[in-house]
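Chemist: Supplied in structure tokens, the structure appears directly below.
Residue numbers (this note's numbering): 404 to 651.
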């Protein structure tokens with residue numbers, strides 16, 4: 404079944420159940436809606452596909468339920484794909500990226516954003532203890548392929564990576580705790596915002612080479628726009644890793 408067919412079925416099932424009140428919303432959140440969220444970021448579906456299927460009234464109901472989804476966990480729960488509150492109507496969209504209870508034990512000390520031209524690669528970055536940062540990453544405009552690499556010694560996913568497709572018109576963010584390297588490929592011109600739990604310490608700034616063969620990330624760009632600093636980051640095998648599974 405094609406992507407359009409998947410969207411049609413999921414959208415119509417959600418709206419049908421909302422209109423007929425066959426099941427409570429929390430059941431939809433745990434079932435159909437979660438399926439849709441997974442399909443959205445894994446299959447790279449667009450909001451426009453939904454709008455083309457549903458009338459304005461039904462789409463408004465469908466949009467209201469999107470923000471209620473449960474997070475999806477990566478790396479055994481360490482990294483989270485975090486749904487955010489997003490409302491869409493004829494005027495445009497309204498988003499709440501973070502609130503105090505969005506992510507347990509996460510507070511915000513610093514907020515910054517980056518603009519990246521299409522074809523740019525940033526990363527793979529991390530900060531050394533005691534200046535590590537947990538971050539909540541959200542693409543606010545454009546489209547990026549976000550990359551997270553596990554740097555925790557003793558982890559069964561050490562040196563493994565996950566890719567998350569982020570778009571400005573989709574209501575998800577990525578929560579990344581300490582112990583992971585982060586980077587992204589800007590597929591289009593893009594704006595990305597970062598919420599961090601500590602103020603950035605330049606002296607603690609570290610990283611891993613973006614095309615490290617021992618990690619093997621399948622970047623979709625061969626000759627990226629990249630800073631000299633990032634282009635000359637060390638390979639993982641040459642780094643003394645400061646993280647372990649025993650770190651709190």
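Even glycine gets a Cβ: it sits at the ideal position worked out from N, Cα and C.
Evaluate the contact criterion for the stretch 511-529 versus the stretch 585-594: three or more CB pairs, one atom per stretch, below 8 Å.
Modeler: Touching, yes.
Chemist: To which residues of the same chain is residue 617 closer than 8 Å at the C-beta, ignoring the five residues directly before and after it?
Modeler: Excluding positions up to five away in sequence, the list reads 562, 638, 639 and 640.
Chemist: In chain order, what residues of the same chain lie with their CB nearer than 8 Å to the CB of residue 483, ignoring the 5 residues before and after it?
Modeler: The residues are 474, 475, 476, 477, 506, 577 and 578.
Chemist: Rounded to whole angstroms, what's the CA-CA distance from residue 589 to residue 547? Just pull it up for me.
Modeler: About 4 Å.
Chemist: Within its chain, find whatever has a CB closer than 7 Å to the CB of residue 564; leave out the 5 residues flanking it on each side and keep chain order.
Modeler: Cβ neighbours of residue 564 beyond the five flanking positions: 550, 551, 552, 618 and 620.
Chemist: With respect to the alpha helix (DSSP H) encompassing residue 615, which residues constitute its N-terminal and C-terminal limits?
Modeler: Element bounds for residue 615: n/a, residue is neither H nor E.
Chemist: Do you know how far the Cα of residue 493 is from the Cα of residue 585?
Modeler: Their backbone Cα atoms lie some 35 Å apart in a straight line.
Chemist: So residue 534 packs on residue 481, CB below 8 Å; how close in whole Å?
Modeler: Incorrect: roughly 19 Å between the Cβ atoms, too far for contact.
Chemist: Could you tell me which residues DSSP puts in a beta bridge with residue 524?
Modeler: The partner list for residue 524 (beta bridge, DSSP) reads 588.
Chemist: Just to confirm the assignment, what range does the beta strand (DSSP E) spanning residue 599 have?
Modeler: It spans 593-599 - the beta strand (DSSP E) in which residue 599 sits, taken as one unbroken run.
Chemist: DSSP on residue 632, reduced to helix/strand/coil?
Modeler: Here residue 632 sits in helix by DSSP.
Chemist: Who are residue 495's beta bridge partners in DSSP?
Modeler: For residue 495, which the question treats as bridged, DSSP gives the partners 492.
Chemist: Along the beta strand (DSSP E) that carries residue 641, what are the first and last residues, could you check?
Modeler: Here residue 641 belongs to no beta strand (DSSP E), and DSSP marks it neither H nor E.
Chemist: Distance check for residue 518 and residue 571, CA to CA, integer angstroms please.
Modeler: Residue 571 and residue 518: Cα-Cα distance of roughly 13 Å.
Chemist: Where does residue 627 sit, in a helix, a strand or coil, going by DSSP?
Modeler: Three-state result, residue 627: coil.
Chemist: Whose CA, out of 495, 500 and 479, lies closest to the CA of residue 575?
Modeler: That would be 500, whose Cα lies nearest to the Cα of residue 575.
Chemist: Could you check if residue 510 is buried or exposed, using at least 16 other CB atoms within 10 Å of its CB as the buried criterion?
Modeler: Residue 510 should be labelled exposed.
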